[in-house]
Amino acid sequence: MSDMRLGQKFFAQEVLTAAPAMVGKLLCRRFTDGTVLRLHITETEAYNGEADLACHASKGRTPRTEIMYASGGKVYVYLIYGLHILLNIVTGEQEHPQAVLIRCCEGYEGPAKLTKVLRLDCGFYGEDLVCSDRLWLEDDGCLPKIKTAPRVGIDYAPPLWRDKPWRYIMIKE
DNA sequence: GTAAGGATTGGC
DNA sequence: CCAATCCTTACT
451 MSDMRLGQKF FAQEVLTAAP AMVGKLLCRR FTDGTVLRLH ITETEAYNGE ADLACHASKG
511 RTPRTEIMYA SGGKVYVYLI YGLHILLNIV TGEQEHPQAV LIRCCEGYEG PAKLTKVLRL
571 DCGFYGEDLV CSDRLWLEDD GCLPKIKTAP RVGIDYAPPL WRDKPWRYIM IKE
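In this text, residue positions in the first sequence follow the working numbering: the first is 451, and each later residue adds one.
Here it is as structure tokens:
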């Protein structure tokens with residue numbers, strides 16, 4: 451059913467709405483051999499604009515953060531610690547830099563483990579989830595209970611931003 | 001040009 | 001606890 455696929459309207463939501471809404475959705479990846487992997491997203495984090503000092507966009511518009519200024523639905527991937535690729539999904543309207551970090555999926559705890567399994571690399575920077583044939587989101591009707599927590603790995607940010615409850619975790623039943 | 005540091009992970 | 005490993009950003 452193609453109408454399970456999430457479209458522009460979903461990604462155009464503000465990040466504080468989109469990040470919890472992505473928990474429970476299916477992250478879908480079609481590999482070059484044609485096989486498709488579908489994983490329920492179990493944990494996300496919101497990075498919210500230039501004012502958010504934990505968000506990469508707080509450094510302003512740079513070659514790396516440029517994609518966050520695009521309209522929602524684009525992929526923001528980057529190399530961290532020279533070792534790991536992390537997957538983010540841009541949300542909101544154009545010129546409103548924000549993104550959702552996909553931290554965990556069912557069976558894959560950890561943002562770098564996830565991108566390894568999905569075989570995502572820097573070539574996915576800017577990928578459009580609305581029309582891509584190798585990466586997209588689907589809604590299978592799953593409506594999980596969610597709890598919030600502070601974001602991980604941002605000790606460099608001042609408390610005002612470090613302590614924001616912008617991490618969204620699926621509650622296991 | 002140079003330097004510092006990171007939205008992590010796995011091993012000791 | 002700490003190393004791995006390299007790109008991005010800031011500053012000279």
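Positions of the beta carbon are idealized from the N, C-alpha and C atoms, including for glycine.
Taking only three categories from DSSP, how would you classify Gln-624? Here the chain comprises residues numbered 451 to 623, so residue 624 is not present and cannot be evaluated.
Specify whether the stretch 517–527 and the stretch 484–491 touch according to this definition: at least 3 beta carbon pairs, one from each stretch, less than 8 Å apart. In the pairwise beta carbon analysis, the stretch 517–527 is classified as not touching the stretch 484–491: fewer than three pairs are separated by under 8 Å.
Would you grab the beta carbon distance between Leu-537 and Ile-552 for me? Rounded to a whole angstrom, and I think it's under 8 Å. Yes, Leu-537 and Ile-552 are in contact; Cβ-Cβ is about 5 Å, under 8 Å.
With DSSP collapsed to three states, give me the class of Trp-616. In this structure, Trp-616 counts as coil in the three-state DSSP scheme.
Nearest to Phe-461 by CA position, among Leu-587, Gly-591, His-534, Lys-614, is which residue? When only C-alpha atoms are compared, the closest one is Leu-587.
CA-to-CA distance, Lys-475 to Asp-589, given in whole angstroms: In a straight line, the C-alpha of Asp-589 is about 5 Å away from that of Lys-475.
Since Arg-480 contacts Val-486 with CB under 8 Å, what's their CB separation in whole angstroms? Confirmed, Cβ separation roughly 5 Å.
Taking DSSP as the reference, what is the three-state secondary structure of Val-443? An answer regarding residue 443 cannot be provided, because it is not within the stretch 451 to 623 covered by the chain.
Return the chain-ordered ranges of every beta strand (DSSP E) run that is complete within the stretch 465–545 and spans a minimum of 3 residues. The stretch 465–545 contains these whole beta strand (DSSP E) runs: 476–480, 486–498, 525–530, 534–540.
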